[in-house]
Ligand code: BGC
């Protein structure tokens, strides 16, 4: 299909890009979702993985996959290091695995693509979960050993993400129980929160010790919320609490060093964490608008409905959360944005609408430095298996063949037409 067929070509040709020179156009992935790992906690958590332990077999096919980045014309790539491959046992560092990730970095550099490395993207070595999960204080020291090993060994990385979506680790693992360690335990969730953010604060310092000009952040999932029924005071209260928790409490904590946690219908808890100022930019993952309904029959008393296509303020929501995040007075990077669908025209539309919003935000004066599309090739989606098609490239999970979708062609075109490289 040509650009003109899609009816967006003319607009693109005549527009004057607001994207500054050096804007980071990227895609984001996570290691486990592409390549699995025999030693990760998640491998035995989800039975779907028994038949497809290597998922897309990216661990072997990474050179071909990195070539796809070059074809897209991105100048940045966010990927993660699978901790359980690096440290399969507490006393073992797998040097071959370290060399594998260094090769990825070297290839990226040879393509002039800036690597952004995520240290923790949901998965852990099995031993970590068994011995010292996040609600144990020992978790901090374990994560910091891994961090130090990585920053002291991997060469030529400036951008580091310590944790991907810490709130998801807490909600999935400690409140809803749908992800490891599978608990539904509020007091432990608060201890885990303290330990995860303490780990971030200390990891920030370690990274800067080895890489003085490092740019360090977390990737935080921000969303916009709406009450399911506007007239329902419980739904409205839920909306208010979720908005505060997701979009404001974390920003306040990075400004003050104190987390204020307000569970609905419960007391306010204050937790001190050593993270004040421990950010060089702020990574925002943005996907969806969430409608909330109070329903005591559901887990945690909440029922959710997602809107991931526009018409209900979804894309405007991105501008909203970027404005919230701008209170940090730091550069902002959209570290993930994407949609799972077999309909690639919808994918193109979703991407264009969000990039348009980023452009409007730049014109408004927000300091947005990058946009990373989630994700390069179809992969394993947590809790949904292999059918959530987020990829710019389609993967046939039987033959493992990768084929470009029109969203890949369109992203390459967007990058070219909007940047001033
Ligand atoms: C996560 C990804 C996930 C994506 C789509 C993000 O919250 O970081 O790992 O695949 O959402 O659900």
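Numbering (this note's numbering), first residue to last: 831 to 1251. Yeah, the Cβ is synthetic: ideal placement off N, Cα and C, and Gly gets one too. Being a predicted model, the structure only gives us computed values, none of them experimental.
Expressed to the nearest angstrom, what Euclidean distance is found between the alpha-carbon atoms of residue 1065 and residue 1128?
14 Å
Identify whether residue 877 lies in helix, strand or coil by the three-state DSSP scheme.
Helix at residue 877.
Taking 8 Å as the cut-off, decide whether the C-beta atoms of residue 1209 and residue 884 are in contact.
Result no, Cβ atoms of residue 1209 and residue 884 do not sit closer than 8 Å.
For ligand 1, any of its heavy atoms closer than 7 Å to the Cβ of residue 1236?
No, Cβ of residue 1236 sits at least 7 Å from all heavy atoms of ligand 1.
Give every residue of the same chain whose Cβ lies closer than 7 Å to the Cβ of residue 853, excluding the five residues on either side of it in the sequence, and list them in chain order.
Same-chain partners within the cutoff: 1199, 1200 and 1249.
Do the region 911–930 and the region 1236–1250 touch if we need at least three Cβ pairs shorter than 8 Å?
no
Kindly indicate which residue of 1125, 1063 and 1049 has the alpha-carbon position closest to the one of residue 1112.
Measuring from the Cα of residue 1112, the nearest candidate turns out to be 1049.
Please report the distance separating the alpha-carbon of residue 1099 from that of residue 981.
34 Å
Report buried or exposed for residue 1214, applying the criterion of at least 16 other Cβ atoms within 10 angstroms of its Cβ.
exposed
For residue 1244, count neighbouring C-beta atoms within 10 Å of its own C-beta (all shown protein chains included) and say buried if the count is 16 or more, exposed if not.
buried
Which residue or residues does DSSP assign as beta-bridge partners of residue 1204?
858
Helix, strand or coil: which one does DSSP assign to residue 850?
coil
Which residue wins for smallest C-alpha separation from residue 1184, given the options 1015, 1165 and 1224?
1165
Measuring alpha carbon to alpha carbon, tell me which of 1082, 1120, 1228 and 1109 ends up nearest residue 1102.
1082
Anyone know if the C-beta pair for residue 973 and residue 1029 falls short of 8 Å?
yes
Under a three-way DSSP split, which group does residue 950 fall into?
The DSSP-derived three-state label of residue 950 is strand.
Taking the alpha carbon of residue 1059 as the reference point, which residue from 892, 1015, 1125 and 1037 has its own alpha carbon closest?
1125
Check whether the Cβ atoms of residue 958 and residue 994 sit closer than 8 Å, and answer yes or no.
Taking 8 Å as the Cβ cut-off, residue 958 and residue 994 do not qualify as a contacting pair.
In whole angstroms, what separates the C-alpha of residue 1120 from that of residue 922?
43 Å
With residue 1058 as the anchor, note down where its alpha helix (DSSP H) starts and where it stops.
For residue 1058, no alpha helix (DSSP H) run applies, since DSSP gives it neither H nor E.
If you draw a straight line from the alpha carbon of residue 1116 to that of residue 1197, how long is it in whole angstroms?
Their backbone Cα atoms lie some 17 Å apart in a straight line.
Closest to residue 1074 by CA distance: which of 1085, 1088 and 1093 is it?
Minimum Cα distance to residue 1074 is reached at 1093.
For residue 861, tell me which candidate among 1037, 1236, 873 and 851 has the shortest Cα-Cα distance.
Looking from the CA of residue 861, the closest CA among 1037, 1236, 873 and 851 belongs to 873.
Taking residue 909 as part of the beta strand (DSSP E), name the residues at either end of that continuous run.
906–910
Within 10 angstroms of the Cβ of residue 905, are there 16 or more other Cβ atoms? Answer buried if so, exposed if not.
buried
For residue 1139, which option in 879, 1156 and 1177 has the closest C-alpha, if you only look at C-alpha atoms?
1177
Thinking just about the alpha-carbon of each residue, which of 1223, 1192, 1230 and 1220 is nearest to the one in residue 851?
Nearest neighbour of residue 851 by Cα position, chosen from 1223, 1192, 1230 and 1220, turns out to be 1192.
Is residue 1050 a contact residue of ligand 1, with contact defined as CB to any heavy atom under 7 Å?
Checking every heavy atom of ligand 1 against the Cβ of residue 1050, none is found closer than 7 Å.
Thinking just about the alpha-carbon of each residue, which of 903, 875 and 889 is nearest to the one in residue 930?
889
With a threshold of 7 Å (Cβ to nearest heavy atom), would residue 1133 be considered close to ligand 1?
no
Please confirm whether residue 896 and residue 1232 have their CB atoms less than 8 Å apart.
no
Return yes when the Cβ of residue 1206 is within less than 8 Å of the Cβ of residue 1195, no when it is not.
no
Does the beta-carbon of residue 866 have 16 or more other beta-carbons within 10 angstroms, so that it is buried, or is it exposed?
buried
Cβ atoms of residue 1007 and residue 1000: under 8 Å apart, would you say?
no
So, at 8 Å on beta carbons, what are the nonlocal neighbours of residue 1257 in its own chain, with the 5 sequence-adjacent residues on each side left out?
In the structure as shown, the chain starts at 831 and stops at 1251, and residue 1257 therefore has no counterpart that could be examined.
Sorry if obvious, but does the Cβ on residue 962 come closer than 7 Å to a heavy atom of ligand 1?
It does not: the Cβ of residue 962 is nowhere closer than 7 Å to a heavy atom of ligand 1.
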